[in-house]
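Asker: First, the structure itself, so that you have it in front of you.
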Amino acid sequence: MQKKISPGKLHLENKFIRLLLDYAKYINLMLAVGIYNVGCCYQNGIGVEMDEGIHLLPKICRDGLANGLFIIAVIRVEKDEHKAFIYYQRSAEMGLVEGTFNVGNCYLKWNWS
């Protein structure tokens, strides 16, 4: 015989599950922010060699942190402007104003229309 669950208890259990899922997303975001900050230290040579931490930034991109994409673009611009443009564009699509600004600059610089 199946045990019946009251609608009120089921509602509370569903809210709890949603709360846990939201909390997990928050933890992932905080991890991404932490990795982003470590990446910034590498980018600026704070306590470490500059540019050694660029390998951390793609994880931030996967985690959806627009600033990470933007920093990759800033680092890449010295090496490959077209790859930098892709990262600027992705950060702009995620709503980062600086990314949008730099996409516009790329269009002006390269006379794209």
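Residue numbers (numbering that gives the first Met the number 0): 0 to 112.
Glycine residues also receive a C-beta, built at the ideal position from the N, C-alpha and C atoms.
Computed from a prediction, not measured in an experiment: that's the story for all the values here.
(1) For L95, does the three-state DSSP call read helix, strand or coil?
(2) Use the C-beta contact count for L107: other C-beta atoms within 10 angstroms, 16 or more gives buried, fewer gives exposed.
(3) Going by beta-carbon coordinates alone, are A83 and A72 separated by less than 8 Å?
(4) In whole angstroms, what is the alpha-carbon distance linking D79 and Y86?
(5) Which word fits G98, buried or exposed, when buried means at least 16 other C-beta atoms lie within 10 angstroms of its C-beta?
Answerer: Looking at the atomic coordinates:
(1) L95 carries a coil assignment under DSSP once its states are collapsed to helix, strand and coil.
(2) By the 10 Å Cβ count, L107 comes out exposed.
(3) Yes, the pair counts as a contact, with Cβ atoms nearer than the cut-off.
(4) Cα-Cα distance, rounded: 11 Å.
(5) That one is buried.
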